[in-house]
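J.:
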Amino acid sequence: MTASVEVPARAVVPAAGLGQRLSPITKVLPKEMFPIGHYPAIEWVIAEAVASGCTEVAVVVSPGKRIVKDYLTTCCPDLAEHCHLAFVVQPEPLGLGHALWLAREFCQGYPFAVLLPDDLVAGQPLALQQMAPVFESTGGAVFAITRELAENAHRYGRLELQPVDERVYQVTAILPRTTPAKAASQLMGLGRYLFSPECLDYAALLLDQPRTSELDDGMIFQHMLDIDEPVHGVHITGQRYDISNPDGYIAAWQRLGREKLIWSCL
299 MTASVEVPAR
309 AVVPAAGLGQ
319 RLSPITKVLP
329 KEMFPIGHYP
339 AIEWVIAEAV
349 ASGCTEVAVV
359 VSPGKRIVKD
369 YLTTCCPDLA
379 EHCHLAFVVQ
389 PEPLGLGHAL
399 WLAREFCQGY
409 PFAVLLPDDL
419 VAGQPLALQQ
429 MAPVFESTGG
439 AVFAITRELA
449 ENAHRYGRLE
459 LQPVDERVYQ
469 VTAILPRTTP
479 AKAASQLMGL
489 GRYLFSPECL
499 DYAALLLDQP
509 RTSELDDGMI
519 FQHMLDIDEP
529 VHGVHITGQR
539 YDISNPDGYI
549 AAWQRLGREK
559 LIWSCL
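If you read the sequence shown in this note's numbering, its first letter stands for residue 299, the second for the next number, and so on.
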């Protein structure tokens, strides 16, 4: 894989979740605003998107997260210099798939990236840059995967994978998070995605069907597999820091807290 392929210009950053794993603090301070050094997590993630090559970024927020929009529009002068920033409101917490569907007008029928602010990723090349060559070749959906300990399996997307190239896998099944791990460590999903525009059509189709739960990303991937659409995973280099749990947040601060924000590198 080469890193010279362009990343899609549009990126969606979902930031409307309830942050239940970090409650009660998230009842008053969204986890996206948790500081990592001098900057909140969401600014790290948007800066990563821009450094990857995205020039338009939509942040999906809930009505109760005005602080996210206020911060990004008043405290981040570098944002306006490097990208066009838009906001989409998700009135109810109906899942990641629903959040992406709400961003359909922003995406305007173009391929797009998704970056979940739960996950900060340290290392070069950036995750989306490592994924872009595979996405250009296969289309469909491509997401980052990384190796995690089996004891953390319940936190992340579980997959059946078939290797097709160095660090590239075809996804053959989406597994429940409760599926027992078969080894001490396994490749699991990470919150970086590249989607073809058709994925939003699949989200719309699923939203029209009866469900007993919110529409998450796994349902979209499973639908794609059911209709033989390509879904691939790229085992990225770089370290994931999951700030939605205390250990990951502390580790992110220790790794990134003294570093300059990536804006300084643009």
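C-beta: ideal position from N, C-alpha, C; glycine also.
Below 8 Å between beta carbons: does that hold for E346 and A307?
T.: Mapped onto the sequence shown, residue 346 falls at position 48. Mapped onto the sequence shown, residue 307 falls at position 9. Result no, Cβ atoms of E346 and A307 do not sit closer than 8 Å.
J.: Closest to R556 by C-alpha separation, out of Y491, P312, I334 and T324, would be which residue?
T.: By 1-based counting over the sequence shown, the position of residue 556 is 258. Per the Cα distances, I334.
J.: Are the segment 488-508 and the segment 407-417 in contact at 8 Å, needing three or more beta carbon pairs?
T.: yes
J.: Which runs of the beta strand (DSSP E) at least 3 residues long sit entirely within the segment 403-454? Give them in chain order.
T.: 410-413, 417-420 and 439-447
J.: Kindly give me the distance between the Cβ atoms of G395 and I518, rounded to whole angstroms, as I take these residues to be in contact under 8 Å.
T.: Taking the sequence shown and counting its residues from 1, the one referred to as residue 395 is at position 97. Taking the sequence shown and counting its residues from 1, the one referred to as residue 518 is at position 220. G395 to I518, Cβ: 5 Å. Contact.
J.: Go to G546, then tell me how far its alpha helix (DSSP H) extends in each direction, as first and last residue.
T.: What you label residue 546 is simply residue 248 of the sequence shown in a count that begins at 1. Residues P544 to L554.
J.: To the nearest angstrom, how far is the alpha carbon of M299 from that of K329?
T.: Residue 299 sits at position 1 when you count from the first residue of the sequence shown. Residue 329 sits at position 31 when you count from the first residue of the sequence shown. In this predicted model, M299 has a pLDDT of only 47, less than 50, meaning its place in the structure is not dependable; the value taken from the coordinates is given anyway. Rounded to whole angstroms, M299 to K329 spans 34 Å at the Cα level.
J.: So, at 6 Å on beta carbons, what are the nonlocal neighbours of S302 in its own chain, with the 5 sequence-adjacent residues on each side left out?
T.: By one-based count along the sequence shown, residue 302 stands at place 4. Within the same chain, S302 has no close Cβ partners at all.
J.: Can L513 and G393 be called in contact, C-beta distance under 8 Å?
T.: Working through the sequence shown from its first residue, we reach residue 513 at position 215. Working through the sequence shown from its first residue, we reach residue 393 at position 95. Yes, Cβ-Cβ distance for L513 and G393 is below 8 Å.
J.: Which whole-angstrom value is the C-beta distance of L413 and A550, which I expect to be below 8 Å?
T.: The residue labelled residue 413 in the question sits at position 115 within the sequence shown. The residue labelled residue 550 in the question sits at position 252 within the sequence shown. That pair is no contact at about 15 Å.
J.: Since H380 is in the alpha helix (DSSP H), which residue starts that stretch and which ends it?
T.: Reading the sequence shown from its first residue, position 82 is the one you call residue 380. It spans P375 to H380 - the alpha helix (DSSP H) in which H380 sits, taken as one unbroken run.
J.: Enumerate in chain order the residues of its own chain whose CB-to-CB distance from I598 is below 7 Å, with the five nearest sequence positions on each side excluded.
T.: Lying before the first or after the last residue shown, residue 598 is absent from the chain, which here runs from 299 to 564.
J.: Rounding to the nearest angstrom, what Cα-Cα distance links V366 and V440 in this structure?
T.: Translated into positions along the sequence shown, residue 366 becomes position 68. Translated into positions along the sequence shown, residue 440 becomes position 142. Cα-Cα distance, rounded: 28 Å.
J.: Using only CA atoms, which one of V532, T371 and L426 lies nearest to M486?
T.: Residue mapping note: residue 486 aligns to position 188 of the sequence shown, counting from 1. Cα-wise, what sits closest to M486 is V532.
J.: Given a cut-off of 8 Å on the beta-carbon distance, is the pair V386 and C352 in contact?
T.: On the sequence shown, residue 386 is found 88 positions in, with the first residue counted as 1. On the sequence shown, residue 352 is found 54 positions in, with the first residue counted as 1. No. Outside cutoff.
J.: Checking 8 Å against the spacing of the C-beta atoms, do H530 and V469 come in under that value?
T.: Mapped onto the sequence shown, residue 530 falls at position 232. Mapped onto the sequence shown, residue 469 falls at position 171. In contact: H530 and V469 (Cβ atoms closer than 8 Å).
J.: Roughly how many whole angstroms lie between the Cα atoms of V462 and T444?
T.: Sequence index remark: in the sequence shown, residue 462 carries index 164 (1-based). Sequence index remark: in the sequence shown, residue 444 carries index 146 (1-based). If you take the alpha carbons of V462 and T444, they lie about 16 Å apart.
J.: Which residues in the same chain as V357 place their Cβ atom closer than 6 Å to its Cβ, once the five residues preceding and following it in sequence are excluded?
T.: Along the sequence shown, one-based indexing puts residue 357 at 59. Answer for V357: V311, A313 and F385, listed in chain order.
J.: Comparing alpha-carbon positions, which option in T436, I534 and T372 lies nearest E446?
T.: Within the sequence shown, numbered from 1, the residue matching residue 446 stands at position 148. Taking only the C-alpha atoms, the option nearest E446 is I534.
J.: Would you say L459 and I472 are within 8 Å of each other, going by their C-beta atoms?
T.: By one-based count along the sequence shown, residue 459 stands at place 161. By one-based count along the sequence shown, residue 472 stands at place 174. Cβ atoms of L459 and I472: not closer than 8 Å.
J.: Straight-line CA distance for G362 to S435?
T.: Here the question's residue 362 lines up with position 64 in the sequence shown. Here the question's residue 435 lines up with position 137 in the sequence shown. Taken atom to atom, the span from the alpha-carbon of G362 to that of S435 is near 40 Å.
J.: For I344, count neighbouring Cβ atoms within 10 angstroms of its own Cβ and tell me buried if that reaches 16, exposed if not.
T.: Position 46 of the sequence shown, counting from 1, holds the residue named residue 344. So I344 ends up on the buried side.
J.: Along the chain, where does the alpha helix (DSSP H) that runs through T371 open and close?
T.: Here residue 371 is taken as the residue at index 73 of the sequence shown, counted from 1. That run of the alpha helix (DSSP H) goes R364 to T372.
J.: Determine the direct distance from the alpha carbon of Q507 to that of L564, and round the result to whole angstroms.
T.: Residue mapping note: residue 564 aligns to position 266 of the sequence shown, counting from 1. Residue mapping note: residue 507 aligns to position 209 of the sequence shown, counting from 1. At L564 the pLDDT is 48, less than 50, meaning the model places this residue with poor confidence; the figure from the coordinates comes in the next sentence. If I take the Cα positions, the gap works out to 44 Å.
J.: For A420, which residues from the same chain have a beta carbon less than 8 Å from its beta carbon, with the 5 sequence-adjacent residues on both sides left out?
T.: Indexing the sequence shown from 1 puts residue 420 at position 122. Contacts found: G536, Q537, Y539, R553 and L554.
J.: Is it right to say P326 is buried, meaning 16 or more other beta carbons lie within 10 angstroms of its own, or is it exposed?
T.: The sequence position of residue 326 within the sequence shown is 28, counting from 1. The identity of residue 326 in the sequence shown is Val, whereas the question assumes Pro. Label assigned to V326: exposed.
J.: If I follow the unbroken alpha helix (DSSP H) through G395, where does it start and stop?
T.: As a working mapping, residue 395 is identified with position 97 in the sequence shown. L394 to L400 is the extent of the alpha helix (DSSP H) around G395.
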